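Visitor: Residue numbers (this note's numbering), protein chains in the order written: chain A, 1 to 351; chain Z, 1001 to 1351; chain H, 2001 to 2181; chain D, 3001 to 3181; chain C, 4001 to 4250; chain X, 5001 to 5250; chain P, 6001 to 6085; chain E, 7001 to 7085. In this text, a Cβ means the ideal position worked out from N, Cα and C, and glycines have one as well. Predicted model only: the values in this text are computed from it and were never measured. This is the structure I want to talk about, given as structure tokens.
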Ligand SMILES: Cc1ncc(C[n+]2csc(CCOP(=O)(O)OP(=O)(O)O)c2C)c(N)n1
Ligand SMILES: Cc1ncc(C[n+]2csc(CCOP(=O)(O)OP(=O)(O)O)c2C)c(N)n1
Ligand code: SF4
Ligand code: SF4
Ligand code: SF4
Ligand code: SF4
Ligand code: SF4
Ligand code: SF4
Ligand SMILES: [Mg+2]
Ligand SMILES: [Mg+2]
């Protein structure tokens, strides 16, 4: 297919459309309004449904309903709206329902600002909702990846019957880049046929729920969920950039990962040996590669557009093998490659 | 004062009342209904206000409003309801408003069950809401502590102008023990006088908000918040039990911490050298003591009533100095001291 | 060595097992002991079975929840079925023989006290006091708390509205104690 | 060595800076180059200043955001004030001299092109095409993209509803290019 | 002697004892739902959206494909379900705490959008499941665990009349209030429920039936006294009747 | 020549330019709020509860102690404020997305409880701040970025008439709809707002004033055309008037 | 003669059926079932008055009543039915 | 003679004032202010028609108009005021 030049938000919307998404539920919030706006046209045209929900709470619960029917469906929002979706996400995970949820992270806490930020890493990866559950979390670093990972998100959501999060930010959402779209997916009409709700014709009724009251039931349910999450470890994805000979490994994701790449290119020209591991799946987190690099004696620097969140996962991954420094790009400030030069040089040269 | 025999939930309610709480906002949910039920009588009697909010979202926002007036106020809920409060908590932290929030953790994810669980550790400690903020988190292990920590919660909330969480579970909430209440606090009528809202009489208007749009403003705000959280490290509290000569340090909090104590007592009689560190503040987390014990070559075992959450903070604390095993008491199963014997013996004897 | 006992008290929802659990706990507190009480509550706060656990100790109490209790008050058949196997060897079990076939009691392994609590209570004036009869029996059987203290604590658990019933309840406690003599 | 240029385009809200940023990006894409475009948007989606950044490169583009750009199109005074100091030494700056006092241009440090964009656009038919004039000037000044490609791409950014205006806009682009010859 | 079976339990009802308290109207309303679905031949094509309240186990009793909605959000979940499967019959079953308190925005907006779903609303003036706290429909003077002195209009406002409020919204095709406290009301209730269901089948839009129901346990009354209270206190405040019927007959 | 100042900006208005678009009615409504507070002598004792929408910077313009409520939750925040400081004058200022969509449960329940607060509701039929998406009050046929073909009653339901819905609730003492599109309406609007404020002062309960307002930017109209649309299209559907006034005069 | 049969294990003794029986033949018994509820019964075991109207079965929240209607009662009970619609 | 003064830097050129002026003396000028808005002005600079009624100032969302009312106009404008209440 020929290249098209689109915004990250639109890439996600088109990705969803091409991946067979046929229901979209959302509530406006900057910086992701292009998504509901695109979907309000695209869904009806594709024979699907667009609902502007009364709130993010409602949107997430509509997603839950669509997921229960085995329909490819999506919702999107940004930070404050994501906080409101947490109860429903916990229910979806607990009821093992598929669905794709997009968060175009903006600055927080509270109303914060509408600029880019990665302040929702903990919420996305550790679970902002209650109880022991996990969502798979995909973090695109380019517009092409935003498109591609949206495809993947739908596949994973159905493969694991679990909500999948796409975690971008105002940069990924607002920037425009050329991308090459894929062939649209023809969704199997029987997808979810073994568990979805459609009326109990000639079979036992199906119950999709998260309540487990009888002795040991909830314990068993939690064990099964953990086993599923363990199975999902194989979906781990990351990008390695110039790590082969690197003395310092930068770990950074999403837009920051991509911007750091510019910095590294520049520093390489000056002979400084920095490399990058850019986690693409934040959950499952690419612990293995970090551990193996740590085993090779590399130093680490985590750079995030927040006050220090993913750095905990980095440290847990390389625990005992290396220390990991942290550089905070403050939420509220726009990141540029220059910002990271000094921190990287410092990390390379110290001690 | 003479001892009284009360439920944990009531201890928290009385603690709040005695600590000068004069507004309570809540929505019913098991297993914490004793709190709103107590408050519906106690608040009006004390000249305060009780509002049964239309939802947990509303209750948390009422708390925000009361906090903005510098009034000692509280809300309480349990897991699903806590997920709904996350947006408001992020706003309170972002707007630097005091308030006390009680979570009597039940089994999850989703509707889960109504039994005890510690599945909301991540949500409480890492921040279930959006953006970079922290709530101070207090985890009582006895009914007396539930009472005492509620006092402390109000003090901290005002000292740091930050929401403070009391994280209990169905055990702490439902169990009855004798406690010794304290002298009720006479709240200074001028508490919060330098920032609270009360009409801009003869001064500049005050604005309590979390929106920071001008260049660098949100960055500066986030830096200030982090400095505050760093200052709050000194509020760190924990209980040490028989750690002096212990070969294995168990780390467990709340009801599990207390139950593990029974197990340790029993195993000690059999000559097994286990000790306990029971974090009382989950944020700030007692990293120092763990690190120093790890430095002394102790082994660690974290026991939680969940699938593994606090263990990350334990590992981050002792990183590189010791490994920490983990034993999951499955949510949905009631914990008893017997459950922990084998895991502790295994941890002590392995290798 | 200090005093220690833990008990599960179980029965139908309406049989007042929570009340006597509470009463026992108060009596322990009044006796200067440490005590914890914890109910097990279902989502159905209505009907079904109910049980609570009371731990009494002269030391600090670690766990309020006990898997293998030292004693049991079983007010009905399902309670005996469920909890008797969990009681520690040589443990004490008070059984409401009005509703439970005493054949079911594990006499070999446990110290069993069958008390026709309903009948005794009925005789005193009201079947609903069967719980008090059972607690009286238990108090005597265990022997670490004085019956008088238990009786004195009735006023703490019976709301003032029903305070006129206190003497009758005290009588029921005594009758229960009498029954295991 | 490949081709690389990055630019900030800035002006009042209504001056169409986003449109020419987009147009430039399309032209780069059509020229077989990599390109990123990112707007800076305020909460006030209305009035105020607006700016966007376009990065063009024959290599992968790391950052779509640039602190010290290689070039600048300043459509009004506040834009020049804000961004001129950030432009790299020897960078290229196109200034709309219709609205900006050319005295303010930092001629010593930068390559400055003053273009009376409003006047030129007015002459062609509509002041609103001042943005096209400026982009034409910029295209010529930078020289990495053909003006014809830019003109060809007009159809991508101007909605079909306004397609009749394309020739005029192409003319404005050409006039701008002419102005820096 | 010849005899016929004068009453047959709906086959959509599971033949197991329920967890409901003696005399709780949830059982009766379940029966009506099952009867109407059965009589309309919908059992095979229905998706039930349960809610959180005493009726949380509805899926154990009414044999339907069922999804459990978070507390108050059943109308949003049902929106997602119906938009996904417009060919299926979709209804929610909700209590008064669920629908009128935490879920008020969701029910109002689903109604206003005219979602083609049916709503079975069981108003027993309290939070049954959690032990009898005040609900938005608690009557003035009624004592609950969170208004121990009795609900007071000045402090807590008046009980909300949901059937009327819903009837006032644009997308609503049918809204009625019924009761099952005696046979007469029971029969009328069945008619109303069937009507609401038929409206969905005919693609008309949103149908809403409010059941006045008793909660003997939390009212601390015998079932019979509770039934009487319903008649004497509730019906005068919450009048029975059809408040909207776009199909004309009411 | 003798002359007097015929109009004085309320001193509660900050003397700085606003971020509002040309002709946006938020500015006019701000002025009325400031005027009424000033005339009632409330400036020193007022706590303003702001909301999220174009008016999010209200604290920059009206010089009052102000707290910023999360989107839609101003009535809950105001409840917390008023319960904490019953001696203070408390009002919320909310847009139609804020109040009628995400915050519908909060406004309905605060109204039903009869919270002693005043609500200034600015209905401009769109989400202004986020770029013109559909609101619950968007008119049938009106095109927005999320109903690009125009709002359709069948799909999205009818516009919600908040002043009427609120008037139907128990705890409400005053509910009116006004406009500021011409001098006549402007003067009436001021009267209504003052009335709502006075009702709070007298301890009566909940007062609600809905302002029909224009959003020229998202309506994609000149200010003058927007004013005309308001008169010709909005007022016929959203009638001006007082829908409830428990003090009798209306 | 019409008659009712109780599924006693299902009866919760709520007595709602006793209120709707047009001939008032239903009363509480002395028997407890396994669940501990005092079940309903026909007064003095006398089924004579039963019309077979099935109101009792309809109103029973717990599906605890089976009603057999005799041929003879069929007409009359239809009238009763009508009266309530 | 009453008169109006514009705080031009505040005017956004919305022209709402032009619509409420009973004597229709307000019109758009050719001048842009610093914010880039085309400000309002009095037609041909002729203040003669101004009644000092201050409607323009009241309706202006941006507090951009100051109105000085002459003694002579005071009565008449009160009448106007009445007409609108
Ligand atoms: C988010 C959330 N809040 C609160 C609860 C606790 N809860 C369960 S059911 C219920 C209310 C039930 O009342 P109602 O809807 O009237 O149903 P009823 O039990 O009376 O039939 C509540 C508050 C919950 N499960 N989830
Ligand atoms: C939880 C949450 N959801 C969404 C948003 C984004 N948002 C900001 S303002 C707004 C709507 C504003 O519309 P309205 O209330 O009508 O006010 P107006 O701007 O039209 O005056 C929205 C959806 C937000 N800030 N928070
Ligand atoms: S508590 Fe009330 S609503 Fe719940 S089952 Fe019992 S009677 Fe029914
Ligand atoms: S977008 Fe609309 S509501 Fe917002 S300031 Fe502009 S005109 Fe006013
Ligand atoms: S069938 Fe009719 S007459 Fe017979 S017992 Fe039942 S209600 Fe009474
Ligand atoms: S109505 Fe049913 S449950 Fe109630 S008493 Fe009669 S038979 Fe028993
Ligand atoms: S109303 Fe005000 S802002 Fe608008 S044109 Fe007139 S003076 Fe200018
Ligand atoms: S004061 Fe009255 S007459 Fe004079 S310009 Fe203003 S509106 Fe016109
Ligand atoms: Mg209810
Ligand atoms: Mg609006």
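Quick one: is residue 52 (chain A) near chain F, going by C-beta distance under 8 angstroms?
Guide: The structure shown contains no chain F; the protein chains it does contain are A, Z, H, D, C, X, P and E.
Visitor: Does residue 1080 (chain Z) get closer than 8 angstroms to chain A when you measure Cβ to Cβ?
Guide: Start at 1 with the first residue of the second chain, and residue 1080 (chain Z) comes out as number 80. Yes, residue 1080 (chain Z) lies at the interface with chain A (some Cβ there is under 8 angstroms from its Cβ).
Visitor: Please tell me whether, using a cut-off of 7 angstroms, the distance from the CB of residue 5123 (chain X) to the nearest non-hydrogen atom of ligand 4 is below it.
Guide: Start at 1 with the first residue of the sixth chain, and residue 5123 (chain X) comes out as number 123. Residue 5123 (chain X) Cβ: outside cutoff for every heavy atom of ligand 4.
Visitor: Run the CB neighbour count on residue 4239 (chain C), radius 10 Å, all protein chains shown included, and call it buried at 16 or more, exposed below.
Guide: As a working note, residue 4239 (chain C) is residue 239 in the fifth chain. Classification of residue 4239 (chain C): exposed, given that the 10 Å Cβ count is below 16.
Visitor: Pick out the complete alpha helix (DSSP H) segments inside the stretch 4063 to 4098 of chain C, 4 residues or longer, and give them in chain order.
Guide: The qualifying runs are 4074 to 4084.
Visitor: Does any heavy atom of ligand 2 sit closer than 7 angstroms to the C-beta of residue 5097 (chain X)?
Guide: In the sixth chain, the residue the question calls residue 5097 (chain X) occupies position 97. At least one heavy atom of ligand 2 is nearer than 7 angstroms to the Cβ of residue 5097 (chain X), so yes.
Visitor: Can you check whether the C-beta of residue 6085 (chain P) is within less than 8 angstroms of a C-beta belonging to chain C?
Guide: Translated into the one-based positions of the seventh chain, residue 6085 (chain P) becomes position 85. Confidence at residue 6085 (chain P) is low in this model, with a pLDDT of 49, below 50, so its placement is unreliable and no value can be given for it.
Visitor: Is the beta carbon of residue 7045 (chain E) within less than 7 angstroms of some heavy atom of ligand 7?
Guide: Residue 7045 (chain E) sits at position 45 when you count from the first residue of the eighth chain. No, ligand 7 has no heavy atom inside 7 angstroms of this Cβ.
Visitor: Alpha carbons only, please: which of X:5099, X:5195, X:5115 is nearest the one belonging to residue 5122 (chain X)?
Guide: As a first step, residue 5122 (chain X) must be located in the sixth chain, where it is residue number 122. It is X:5099.
Visitor: What span of residues does the beta strand (DSSP E) with residue 4046 (chain C) cover, start to end?
Guide: As a position in the fifth chain, residue 4046 (chain C) is number 46, starting the count at 1. First-last of the beta strand (DSSP E) with residue 4046 (chain C): 4046 to 4050.
Visitor: Judging by CA-CA distance, which residue of A:294, A:193, A:306 is the nearest neighbour of residue 1219 (chain Z)?
Guide: The residue you call residue 1219 (chain Z) lines up with position 219 of the second chain. Residue A:306 is the option with its Cα nearest to residue 1219 (chain Z).
Visitor: In chain A, which residues lie with their C-beta within 7 angstroms of the C-beta of residue 3067 (chain D)?
Guide: Here residue 3067 (chain D) refers to the residue found at position 67 when the fourth chain is read from its first residue. Those within 7 angstroms of residue 3067 (chain D) in chain A are 336, 338.
Visitor: Between residue 116 (chain A) and chain X, is any beta-carbon pair separated by less than 8 angstroms?
Guide: Within the first chain, residue 116 (chain A) is the residue found at index 116, counting from 1. Cβ-Cβ to chain X under 8 angstroms: no for residue 116 (chain A).
Visitor: So does the stretch 3132 to 3142 of chain D actually touch the stretch 3162 to 3172 of chain D, counting three or more Cβ pairs closer than 8 angstroms?
Guide: The stretch 3132 to 3142 of chain D vs the stretch 3162 to 3172 of chain D: in contact.
Visitor: Which word fits residue 3102 (chain D), buried or exposed, when buried means at least 16 other C-beta atoms lie within 10 angstroms of its C-beta?
Guide: As a working mapping, residue 3102 (chain D) is identified with position 102 in the fourth chain. The residue in question, residue 3102 (chain D), is exposed, as its Cβ has fewer than 16 Cβ neighbours within 10 Å.
Visitor: Leaving aside the five residues before and after residue 2114 (chain H) along the sequence, list all residues of the same chain whose C-beta is less than 6 angstroms from its C-beta, in chain order.
Guide: Taking the third chain and counting its residues from 1, the one referred to as residue 2114 (chain H) is at position 114. Contacts found: 2095, 2097, 2102.
Visitor: Could you give the DSSP three-state label for residue 3005 (chain D): helix, strand or coil?
Guide: Position 5 of the fourth chain, counted from the start, is the residue given in the question as residue 3005 (chain D). Strand at residue 3005 (chain D).
Visitor: Using a Cβ-Cβ cut-off of less than 9 angstroms, list which residues of the stretch 5142 to 5160 of chain X approach chain C; keep chain order.
Guide: Going along the stretch 5142 to 5160 of chain X in chain order, one finds 5153, 5154, 5155, 5156, 5157, 5158, 5159, 5160 with a Cβ nearer than 9 angstroms to chain C.
Visitor: Do the stretch 183 to 202 of chain A and the stretch 4080 to 4088 of chain C touch if we need at least three Cβ pairs shorter than 8 angstroms?
Guide: Because the criterion of three Cβ pairs below 8 angstroms is met, the stretch 183 to 202 of chain A and the stretch 4080 to 4088 of chain C touch.
Visitor: Any heavy atom of ligand 10 closer than 7 angstroms to the Cβ of residue 5135 (chain X)?
Guide: In the sixth chain, the residue the question calls residue 5135 (chain X) occupies position 135. Within the cutoff, so yes.
Visitor: By how many angstroms is the C-alpha of residue 2078 (chain H) removed from the C-alpha of residue 2072 (chain H)?
Guide: In the third chain, the residue the question calls residue 2072 (chain H) occupies position 72. In the third chain, the residue the question calls residue 2078 (chain H) occupies position 78. Roughly 13 angstroms between the two C-alpha positions.
Visitor: How many Å lie between residue 4152 (chain C) and residue 1059 (chain Z) at the Cα?
Guide: Here residue 4152 (chain C) refers to the residue found at position 152 when the fifth chain is read from its first residue. Here residue 1059 (chain Z) refers to the residue found at position 59 when the second chain is read from its first residue. So the alpha carbons of these two residues sit roughly 20 angstroms apart.
Visitor: Please identify, using Cβ separations under 8 angstroms, the residues of the stretch 1004 to 1033 of chain Z that lie next to chain C, in order along the chain.
Guide: Of all residues in the stretch 1004 to 1033 of chain Z, 1027, 1028, 1029, 1030, 1033 have a Cβ within less than 8 angstroms of some Cβ in chain C.
Visitor: Between Z:1147, Z:1035, Z:1246, which has its C-alpha nearest residue 1183 (chain Z)'s C-alpha?
Guide: In the second chain, counting from the first residue as 1, residue 1183 (chain Z) sits at position 183. Of the listed residues, the one whose Cα sits closest to residue 1183 (chain Z) is Z:1147.
Visitor: Given this structure, state the Cα-to-Cα distance separating residue 4229 (chain C) from residue 4219 (chain C), to the nearest angstrom.
Guide: Within the fifth chain, numbered from 1, the residue matching residue 4229 (chain C) stands at position 229. Within the fifth chain, numbered from 1, the residue matching residue 4219 (chain C) stands at position 219. Their backbone Cα atoms lie some 10 angstroms apart in a straight line.
Visitor: Label residue 7 (chain A) either buried or exposed according to how many other C-beta atoms from any shown protein chain fall within 10 Å of its C-beta, with 16 as the threshold for buried.
Guide: The sequence position of residue 7 (chain A) within the first chain is 7, counting from 1. Residue 7 (chain A) is buried by the Cβ-count criterion.
Visitor: Bridge partners of residue 299 (chain A), per DSSP?
Guide: Translated into the one-based positions of the first chain, residue 299 (chain A) becomes position 299. DSSP, once it has assigned bridges, lists A:248 as partnering residue 299 (chain A).
Visitor: Mind checking which residues open and close the alpha helix (DSSP H) that includes residue 89 (chain A)?
Guide: As a working note, residue 89 (chain A) is residue 89 in the first chain. Element bounds for residue 89 (chain A): 79 to 95.
Visitor: Closer than 8 angstroms, Cβ to any Cβ of chain D: which residues of the stretch 160 to 192 of chain A, in chain order?
Guide: Listed in sequence order: 171, 174, 175, 176, 177, 178.
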